[in-house]
Amino acid sequence: MSTNNNYPPRPNTLSRRARYIGMTAVAAAAIAGIAISQNALGNANVVTAAALTPTKRGAITAATATPSGLYVDGKYDGDVVRASRWGNLQVRAVIENGKLVDVEIIDYPHSRSTSQRINSQAIPWLIEEAVQAQDANIDIITGATPTSEAFIMSLEAALNDASVSSANANTNNSSSTNSSGSVGAPSL
Amino acid sequence: MNQTRLMMGMPISVEVVDAEVSTSAFDRVFDYFRYVDETFSTYKDSSEIMRINRGELTIENASADVQLIFKLAEQTRIETDGYFDIVHDDHIDPSGIVKGWAVFEAAELLRGMGYHHYFVDAGGDIQTRGKNSQGKDWRVGVRNPFNPQQIVKSLIVPDCGVATSGTYLRGDHIYNPKGDHQLQTEVVSLTVIGPNVYEADRFATAAFAMGKQGIHFIEELDDFEGYMIDRNGKATLTSGLSQYLPSPVNH
Chain H
83 MSTNNNYPPR
93 PNTLSRRARY
103 IGMTAVAAAA
113 IAGIAISQNA
123 LGNANVVTAA
133 ALTPTKRGAI
143 TAATATPSGL
153 YVDGKYDGDV
163 VRASRWGNLQ
173 VRAVIENGKL
183 VDVEIIDYPH
193 SRSTSQRINS
203 QAIPWLIEEA
213 VQAQDANIDI
223 ITGATPTSEA
233 FIMSLEAALN
243 DASVSSANAN
253 TNNSSSTNSS
263 GSVGAPSL
Chain L
423 MNQTRLMMGM
433 PISVEVVDAE
443 VSTSAFDRVF
453 DYFRYVDETF
463 STYKDSSEIM
473 RINRGELTIE
483 NASADVQLIF
493 KLAEQTRIET
503 DGYFDIVHDD
513 HIDPSGIVKG
523 WAVFEAAELL
533 RGMGYHHYFV
543 DAGGDIQTRG
553 KNSQGKDWRV
563 GVRNPFNPQQ
573 IVKSLIVPDC
583 GVATSGTYLR
593 GDHIYNPKGD
603 HQLQTEVVSL
613 TVIGPNVYEA
623 DRFATAAFAM
633 GKQGIHFIEE
643 LDDFEGYMID
653 RNGKATLTSG
663 LSQYLPSPVN
673 H
């Protein structure tokens with residue numbers, strides 16, 4: 083790999099950028115809290131196990147990584163894990179018929195007031211359209227995913243509690259106050 | 423042949439179409455990602471980044487790759503008018519640049535092994551080369567940020583890098599999975615296509631932090647195109663994105 087300033091080597095990425103900075107008028111505006119319109123929420127309230135499968139060709143999913151009967155039915159809360167600088171993240175694994183069927187986020191990073199630059203200059207050649215589902219023949223998926231290191235770590239702890247061996251030692255398989263570590267957690 | 427492993431907190435998928443591919447090629451790629459994780463993780467106490475954050479290691483004494491990432495991050499910070507910054511609250515979090523860089527280097531590993539048709543995908547940051555198993559250009563679907571089960575855009579991306587920066591919605595709160603920049607609420611997903619995933623990723627990260635202005639930033643970059651989805655479900659396309667869209671007859 084190169085250690086020069088042009089990594090990876092290619093010419094003049096920013097030739098138009100300098101002009102752009104010059105013409106852009108930016109203003110600072112404070113955002114008071116977080117407001118998301120209801121119609122934008124869609125079905126994103128709960129992270130389903132399938133959401134852990136971003137590629138249709140992916141060999142590993144939360145479900146396939148969980149052999150049938152490995153877990154005891156119930157709901158298990160994972161560790162509270164620090165999720166970068168936004169705060170804490172904690173997930174709840176839902177086990178039905180011995181399988182992981184759902185992962186809910188029960189604690190999440192808290193917003194904090196911040197400021198944002200906004201651009202008042204509209205540039206007319208951009209194209210706008212409403213998003214709509216496509217029946218697409220695709221190889222790979224890109225997009226914002228709920229997966230993160232904190233997410234995985236908390237899920238591992240929850241699944242560790244849900245495991246059969248763990249249940250033998252603790253019959254309360256619907257614990258909601260678990261804070262045990264993730265040692266020996268199933269490998270996801 | 424396709425393998426997916428969960429590493430660095432995300433699924434990492436590698437597919438190599440070339441007939442002569444061996445499993446050892448996949449092992450080399452995943453070993454590389456393991457090395458990257460152990461070096462740059464902000465969750466593993468033994469990583470160089472954590473040692474730097476604890477004051478136990480200076481950048482000057484860090485490994486060559488860590489020094490390279492710091493150099494690239496600083497270069498990107500300047501190029502993006504400060505929107506890209508790996509320093510938060512006096513702590514270093516280079517994840518906004520390491521992922522795309524690692525995917526690119528992993529693809530370079532495959533190239534070095536003589537393969538021609540493959541992709542590497544780490545949590546939606548993608549490098550494609552050659553053709554898919556049907557002999558066609560690779561196709562990438564953009565996930566609907568409001569419904570993870572849906573695809574809202576299909577992109578034909580031969581020999582390209584693709585990266586998406588976005589928020590994940592939870593109730594009336596927003597969670598930035600990358601956690602690498604100031605929280606903004608107007609834009610929920612910004613997909614960038616570029617000549618390689620390293621640059622697509624760093625510019626997606628920076629442009630996302632700019633809010634609605636970000637798509638204009640991408641518009642002004644040579645060789646980069648973007649697809650932005652705002653919180654009301656409206657998409658904005660850069661003027662050249664059409665070159666990556668399926669033609670009506672093929673769609």
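Chains as they are written, first to last, in the working numbering: chain H, 83 to 270; chain L, 423 to 673. C-beta atoms are modelled at their ideal positions from N, C-alpha and C, and glycine is treated no differently.
Legend entry - Residue-level contact to chain L via CB, aspartate 221 of chain H, 8 Å cutoff: The residue you call residue 221 of chain H lines up with position 139 of the first sequence. Yes, its Cβ sits closer than 8 Å to a Cβ of chain L.
Legend entry - Proximal residues of chain H, C-beta to C-beta of valine 584 of chain L below 7 Å: Reading the second sequence from its first residue, position 162 is the one you call residue 584 of chain L. Here the neighbours are Thr224.
Inset, instruction - Run down chain H in chain order and give the residues with a C-beta less than 8 Å from the C-beta of isoleucine 471 of chain L. - result: For this step, residue 471 of chain L is matched to residue 49 along the second sequence. The premise fails here: isoleucine 471 of chain L is roughly 13 Å from chain H at the closest Cβ pair, so nothing lies under 8 Å.
Legend entry - Beta carbon of phenylalanine 623 of chain L nearer than 8 Å to that of isoleucine 222 of chain H: For this step, residue 623 of chain L is matched to residue 201 along the second sequence. For this step, residue 222 of chain H is matched to residue 140 along the first sequence. Checking the displayed sequence, the identity of residue 623 of chain L turns out to be aspartate instead of phenylalanine. Contact flag unset, no.
Inset, instruction - Report the rounded CA-to-CA distance for proline 570 of chain L versus aspartate 453 of chain L, giving the unit in angstroms. - result: Working through the second sequence from its first residue, we reach residue 570 of chain L at position 148. Working through the second sequence from its first residue, we reach residue 453 of chain L at position 31. Cα to Cα, the separation comes out at about 29 Å.
Legend entry - valine 213 of chain H at chain L interface by Cβ criterion, 8 Å: As a position in the first sequence, residue 213 of chain H is number 131, starting the count at 1. Judged by the 8 Å Cβ criterion, valine 213 of chain H is in contact with chain L.
Inset, instruction - Compile a chain-ordered list of the residues in the region 614–637 of chain L whose CB is closer than 8 Å to at least one CB of chain H. - result: Pro617, Asn618, Tyr620, Glu621, Met632, Gly633, Lys634, Gln635 and Ile637
Legend entry - Exposed unless 16 or more other CB atoms sit within 10 angstroms - verdict on glutamine 556 of chain L: Numbered from 1 along the second sequence, position 134 holds the residue referred to as residue 556 of chain L. Label assigned to glutamine 556 of chain L: exposed.
Legend entry - Nearest to glycine 160 of chain H (by Cα), restricted to the options H:Val173, H:Val154 and H:Tyr153: Your numbering for residue 160 of chain H matches position 78 in the first sequence. It is H:Val173.
Legend entry - Rounded Cβ spacing between proline 617 of chain L and glycine 662 of chain L (contact assumed at less than 8 Å): In the second sequence, residue 617 of chain L corresponds to position 195, counting from 1. In the second sequence, residue 662 of chain L corresponds to position 240, counting from 1. Rounded, the Cβ-Cβ distance is 13 Å, inconsistent with contact.
Inset, instruction - Measure the beta-carbon distance from serine 587 of chain L to alanine 626 of chain L and round it to whole angstroms, keeping in mind my assumption that it falls under 8 Å. - result: Counting from 1 along the second sequence, the entry for residue 587 of chain L is found at position 165. Counting from 1 along the second sequence, the entry for residue 626 of chain L is found at position 204. Contact between serine 587 of chain L and alanine 626 of chain L holds: CB atoms are separated by about 4 Å, below the 8 Å threshold.
Inset, instruction - Determine which residues of the region 553–567 of chain L have a Cβ less than 7 Å from any Cβ of chain H, and write them out in chain order. - result: Result list: Asn554, Trp560, Arg561, Val562, Gly563, Val564, Arg565, Asn566 and Pro567.
Legend entry - Straight-line gap, isoleucine 640 of chain L to histidine 538 of chain L (C-alpha atoms, nearest Å): Counted from its first residue, the second sequence places residue 640 of chain L at position 218. Counted from its first residue, the second sequence places residue 538 of chain L at position 116. C-alpha separation (whole angstroms): 29 Å.
Legend entry - Chain-ordered neighbours of threonine 498 of chain L on chain H, where CB pairs are closer than 9 Å: As a position in the second sequence, residue 498 of chain L is number 76, starting the count at 1. Those within 9 Å of threonine 498 of chain L in chain H number zero; the least Cβ separation is about 10 Å.
Inset, instruction - Check whether the region 545–562 of chain L touches the region 435–446 of chain L, counting contact only when three or more Cβ pairs, one atom from each stretch, lie closer than 8 Å. - result: Yes, they touch.
Inset, instruction - Determine the chain L residues that contact tyrosine 89 of chain H at a beta-carbon separation under 7 Å, and present them in chain order. - result: For the purposes of this step, residue 89 of chain H is identified with residue 7 of the first sequence, where counting begins at 1. Simply Leu494.
Legend entry - Every unbroken beta strand (DSSP E) within the region 554–587 of chain L, with a cutoff of 3 residues, ordered by chain: Qualifying beta strand (DSSP E) stretches, in chain order: 561–566 and 569–578.
Inset, instruction - Determine which residues share a DSSP beta bridge with glutamine 549 of chain L and list them. - result: For the purposes of this step, residue 549 of chain L is taken as residue 127 along the second sequence, with counting starting at 1. Per DSSP, L:Val542 and L:Gly583.
Inset, instruction - Consider the Cβ of glutamate 647 of chain L: report whether some Cβ of chain H lies at a distance smaller than 8 Å. - result: As a working note, residue 647 of chain L is residue 225 in the second sequence. Cβ-Cβ to chain H under 8 Å: no for glutamate 647 of chain L.
Inset, instruction - Could you tell me whether any Cβ in chain L is nearer than 8 Å to the Cβ of glutamine 172 of chain H? - result: Within the first sequence, the letter at position 90 stands for residue 172 of chain H. In terms of beta-carbon proximity, glutamine 172 of chain H stays away from the interface with chain L, with every pair separated by 8 Å or more.
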